[in-house]
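Structure, as structure tokens:
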Ligand SMILES: [Zn+2]
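In my numbering, the protein residues as written are 399 to 683.
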């Protein structure tokens, strides 16, 4: 059990790191940790997570009611409470707005894919929760089935949520999501995303769940032929996860450029060229 004093220091420290690592800006995001008595220590509404101090932290119960502290918890705490309820193993939650990962959701490019072996090993795939209005009960409820099976999820056009058995672990998972997005995006820019062979992905995931743990639901699937990876990943090679749109938009653009025929000159341009050619053929006077 980590004492409250230390959890306070950690939320302040990792709030600053989230800001310094460009995982959130301004009043974005929120951090929380489970206290030894089961209540939740969290950042209050309307404070900058890069410059937190003790007064920016409040204590709430598991229904969201404030128990201690100045200021009020944010409406986004409902998401955190859903995580703690679904995952008794979860001791800390960080919600942030990592720009590259959010851009993936806006472009409808899935991050639930097996690209980097060490990410598959330690985190598995990162699903995107369909859009719901921020701060609502609907969003908190729609997260539930996802956080049962995953330690990090994206919320469509909104942000990321990372769970951990410590604040450090939640922070690491958040960082890994954004770093993966950056590497994947760079690979797309350079020509395309090469995915792991499905068998190797399943082998890595199974090994990772046994060695490093993960959501209890996922760990229970470690010995299945595809571990906790989606069935769809095992039925094709190359792009292991066909949904949503993979790398299609980018390659279609490039294809369009390569295939485009040179445009025929307009009659006006054609007449001007003819005149210029005739002029050049005429003897100068
Ligand atoms: Zn948010």
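Note that CB positions come from ideal geometry on N, CA and C, so glycine has one too.
query: Same chain only: Cβ atoms within 6 Å of residue 528, ignoring 5 sequence neighbours per side; result: 554
query: Validate contact between the stretch 464-473 and the stretch 553-568 using beta carbons, cut 8 Å, 3 pairs; result: no
query: Where residue 534 sits in the DSSP three-state scheme; result: coil
query: The stretch 416-433 contacting the stretch 441-451, beta-carbon criterion three pairs below 8 Å; result: yes
query: beta-carbon residue 578 near ligand 1 non-hydrogen atom, thresh 8 Å; result: no
query: Within 9 Å, strictly: CB atoms of residue 404 and residue 518; result: no
query: 4-residue-minimum alpha helix (DSSP H) runs that sit fully inside the stretch 485-569, ordered along the chain; result: 497-504, 515-520 and 535-547
query: heavy atom of ligand 1 below 8 Å from residue 446 C-beta; result: no
query: Cα-Cα separation, residue 610 to residue 452; result: 33 Å
query: Nearest candidate by alpha-carbon position, reference residue 605, set 627, 588, 507 and 584; result: 627
query: C-alpha gap between residue 449 and residue 487, whole angstroms; result: 29 Å
query: Segment limits, beta strand (DSSP E) that includes residue 457; result: 455-458
query: Residue span of the alpha helix (DSSP H) that contains residue 604, given as start and end; result: 596-610
query: Limits of the beta strand (DSSP E) - the one that residue 428 falls within; result: 428-432
query: Rounded distance between the beta-carbons of residue 581 and residue 514, thought under 8 Å; result: 7 Å
query: Integer-rounded CB distance, given that residue 560 should sit under 8 Å from residue 492; result: 5 Å
query: Beta carbon nearer than 7 Å to a non-hydrogen atom of ligand 1; result: 426, 427, 474, 493, 495, 532, 556 and 557
query: Residue 618 versus residue 596: straight-line alpha-carbon distance, rounded; result: 20 Å
query: Same chain, Cβ closer than 6 Å to residue 537, five either side skipped, listed in chain order; result: 530
query: Distance between beta carbons of residue 616 and residue 522, contact taken as under 8 Å; result: 7 Å
query: Length of the line joining the Cα atoms of residue 475 and residue 525; result: 21 Å
query: Alpha-carbon to alpha-carbon, residue 489 and residue 481; result: 10 Å
query: Residue range of the alpha helix (DSSP H) that includes residue 409; result: 402-418
query: CA-to-CA distance, residue 421 to residue 575, given in whole angstroms; result: 10 Å
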